[in-house]
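Since the structure comes first, as structure tokens, the remarks are kept for the end.
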Amino acid sequence: MNNRLMPLIVVVGLVAIVALWIGGTYNKLVALDQAVQAQWGQVENVYQRRADLIPNLVATVKGVANFEKSTYIAVAQARSKVGQVTTTASPNMVNDPAAFAKFQAAQDGLTSALSHLLAVVENYPDLKANQNFLDLQSQLEGTENRIAVERMRFNETAQAFNTARQSFPTAIVAGMFGDRFKLKAYFQAQPGSENAPKVQF
Numbered sequence: 448m449n450n451r452l453m454p455l456i457v458v459v460g461l462v463a464i465v466a467l468w469i470g471g472t473y474n475k476l477v478a479l480d481q482a483v484q485a486q487w488g489q490v491e492n493v494y495q496r497r498a499d500l501i502p503n504l505v506a507t508v509k510g511v512a513n514f515e516k517s518t519y520i521a522v523a524q525a526r527s528k529v530g531q532v533t534t535t536a537s538p539n540m541v542n543d544p545a546a547f548a549k550f551q552a553a554q555d556g557l558t559s560a561l562s563h564l565l566a567v568v569e570n571y572p573d574l575k576a577n578q579n580f581l582d583l584q585s586q587l588e589g590t591e592n593r594i595a596v597e598r599m600r601f602n603e604t605a606q607a608f609n610t611a612r613q614s615f616p617t618a619i620v621a622g623m624f625g626d627r628f629k630l631k632a633y634f635q636a637q638p639g640s641e642n643a644p645k646v647q648f
């Protein structure tokens, strides 16, 4: 073998190794990013399920005489706000911390309004005995549990992405692609959730 070709072969070999490493790292980041996107879809799915239950719940509650009108109006307004945030949101919300925070705040507002509605129901024995209401309440409770589970899974998936994204030397490759691999936001506990709820009748 010609000794003059040896340095060229070494350089070509090193370039090939670096290119394969960058490609492999890029593909790993893409796979983790897609996992976050898929889990986000699950989060949106369970939030949509809750949004779909609310009109039936409010209609059932409205059927009870003398029920506090302001309570179900608050639920309707909170649901409307969630709809506005969802339709105006960034198409890639998991990469936009401001849009993500706005989405979470709107969902937290709806959660609070629903909690208040269910607490006020305690004053209405007829409503508590209504089978339609009981079925809807059970579905809503199940949906809230699903939301908690999907949010937890989203945070786990986002953590896996963020850990890989910030690890050396993956961070170098991610930095080469600008905003393509931005860090993902996490769901946080609702403000005030560290305090026990106070229900007053």
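Residue numbers for the sequence shown follow my numbering, beginning at 448 and rising by one. The C-beta atom is built at its ideal place from N, Cα and C for all residues, glycine as well. Computed from a prediction, not measured in an experiment: that's the story for all the values here.
Measure the beta-carbon distance from residue i to residue j and round it to whole angstroms, keeping in mind my assumption that it falls under 8 Å.
| i | j | result |
| --- | --- | --- |
| L479 | A611 | 6 Å |
| A498 | R526 | 6 Å |
| V508 | L574 | 7 Å |
| F601 | Q486 | 5 Å |
| L564 | V522 | 5 Å |
| K528 | G556 | 6 Å |
What residue from the options has the CA that sits closest to residue i's CA?
| i | options | result |
| --- | --- | --- |
| M599 | V483, A498, L455 and I456 | V483 |
| Q489 | M623, T604 and S614 | T604 |
| V493 | L565, A595, Q635 and R627 | A595 |
| Q554 | Y571, T507 and R496 | R496 |
| Q606 | L630, K575 and P544 | L630 |
| E650 | A523, E515 and G530 | Past the edges of the chain, shown from 448 to 648, lies residue 650, and the structure says nothing about it. |
| V620 | L587, K475, P454 and G460 | K475 |
| A548 | L452, Q635 and R451 | Q635 |
| V477 | G625, E588, F608 and Q613 | F608 |
| T590 | Y571, V458, T558 and I464 | T558 |
| W468 | F615, G625, D626 and T533 | F615 |
| E597 | E491, Y571 and G625 | E491 |
| Q531 | T472, V462 and A552 | A552 |
| N625 | Q586, Y473 and A466 | The residue you asked about is not Asn; residue 625 is Gly in the sequence shown. The shortest C-alpha separation from G625 is found at Y473. |
Would you identify the three-state DSSP class for residue i, choosing helix, strand or coil?
| i | result |
| --- | --- |
| A525 | helix |
| R451 | coil |
| Q647 | Confidence in Q647 is poor, its pLDDT being 40 and thus under 50, which makes the residue's placement too unreliable to answer from. |
| L630 | coil |
| N539 | coil |
| A506 | helix |
| A655 | Here the chain comprises residues numbered 448 to 648, so residue 655 is not present and cannot be evaluated. |
| P572 | helix |
| A636 | coil |
| E491 | helix |
May I ask which residues mark the beginning and end of the alpha helix (DSSP H) holding residue i?
| i | result |
| --- | --- |
| V596 | Q578 to Q613 |
| F550 | P544 to V567 |
| G622 | T617 to G622 |
Could you confirm whether any beta carbon from chain D is found closer than 8 Å to the beta carbon of residue i?
| i | result |
| --- | --- |
| G470 | In the displayed structure, chain D is absent; only one protein chain is listed. |
Just checking residue i against the ligand HEM - is the residue's beta carbon closer than 7 Å to any of the ligand's heavy atoms?
| i | result |
| --- | --- |
| F601 | In the structure on display, the ligand HEM does not appear, and there are no ligands present to speak of. |
**Prompt:** Pairing CB atoms from the segment 491 to 508 with CB atoms from the segment 571 to 589, are three or more of them under 8 Å?
**Reply:** With a cut-off of 8 Å, the segment 571 to 589 and the segment 491 to 508 count as touching, because enough Cβ pairs lie within range.
**Request:** Report yes or no: do three or more beta-carbon pairs, one from the segment 622 to 637 and one from the segment 537 to 551, lie closer than 8 Å?
**Result:** Because the criterion of three Cβ pairs below 8 Å is met, the segment 622 to 637 and the segment 537 to 551 touch.
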